[in-house]
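First residue of the sequence shown: 1, per our numbering; consecutive thereafter.
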Amino acid sequence: MQPEELKEIFDQQAESYDQQWAKMAPINNGLYFLLESVFAPLPETARILCVGAGTGKELIYLGRKFPHWHFTAVEPSGAMLTVCRQRVDEEGMTNRCDFHEGYLDSLPGQESYDAATCFLVSQFILDKQIRTELFAEIAGRLKPDGLLASADLSAEPGSFEALLQAWMNMMAGADISIEKQNRIKEAYAKDVAILPPDSVASLIQAAGFDAPVPFFQAGLIHAWFAKTGSKIVNQDREKGGAD
Ligand SMILES: C[S@@+](CC[C@H](N)C(=O)[O-])C[C@H]1O[C@@H](n2cnc3c(N)ncnc32)[C@H](O)[C@@H]1O
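Given below as structure tokens:
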């Protein structure tokens, strides 16, 4: 799927997005709960980059837990970002957030972040090279030893069908309409790159991160954290690009 088509899909879903996934909150909450522990060592005034921030769920969770952190939400779908702004405003967090409508490569400024989240975003990039480039762009925006937390749908080929069946059962139980379930299943087959966990980890590592640590799995959702570590990509970027 072309980026413009994907943006259009999220634009259309924005208003109902949180409501639609509300009953799957136990999964997200488990992920955010672990994320909190992964990010706990960050400085008290950490700057966090949220790539594909959507309606702001992970950003708001972290914002509540760490009241002095500052967030930059990067989101190509204007409608998703509008919902994100509203939610952030309702939380009284607007003075701690910047919003960028667009992709990461067009985010202005040279700020270096302590950490980044990229939740359920890279899976939409079918081309592995381009998917790696997204992770490399994130690495380029982080400080040395900066942390990435990334989550995507992922499965071993041998367990994918069984997990998918359980996942669809869960959606049925979460009041997702049968039409929507069918559209989601179709999208998983052609528009979402559901790779084995080791392959996703390899893409992250190929982007300049240290070996990613798998820290969460619930059904098809897997999450990893990784440090920029010894490859100080960001300093190369600030010097005008790596050679
Ligand atoms: C499935 S939603 C997840 C939103 C949020 N991270 C969450 O977990 O609730 C994926 C979001 O990523 C955005 N997105 C898609 N491709 C992107 C890209 N290449 N860079 C940044 N964001 C992207 C979409 O517009 C959408 O809002």
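The C-beta atom is built at its ideal place from N, Cα and C for all residues, glycine as well.
Spanning the alpha carbons of A218 and I27 requires a straight line of approximately 6 angstroms. Taking the C-beta atoms as reference points, C50 is found no nearer than 7 angstroms to T94. Set against 6 angstroms, the gap from the CB of M80 to the closest heavy atom of ligand 1 is smaller. Spanning the alpha carbons of P144 and E75 requires a straight line of approximately 24 angstroms. Fully enclosed alpha helix (DSSP H) runs of no fewer than 4 residues occupy 78-90 of the segment 63-128, in order along the chain. Comparing C-alpha distances from L148 to each of A155, I138, E156 and P157 shows the shortest one belongs to I138. The shortest CA-to-CA distance from D152 to any of F124, P3 and E4 is the one to F124. Straight through space, the alpha carbons of L104 and L164 are spaced by roughly 31 angstroms. Proximity to G146 across S122, V121, N169 and D114 peaks at D114, based on C-alpha coordinates. When DSSP states are grouped into helix, strand and coil, S199 belongs to the helix group.
Under the DSSP assignment, W224 falls in the beta strand (DSSP E) whose first and last residues are I221 to K227.
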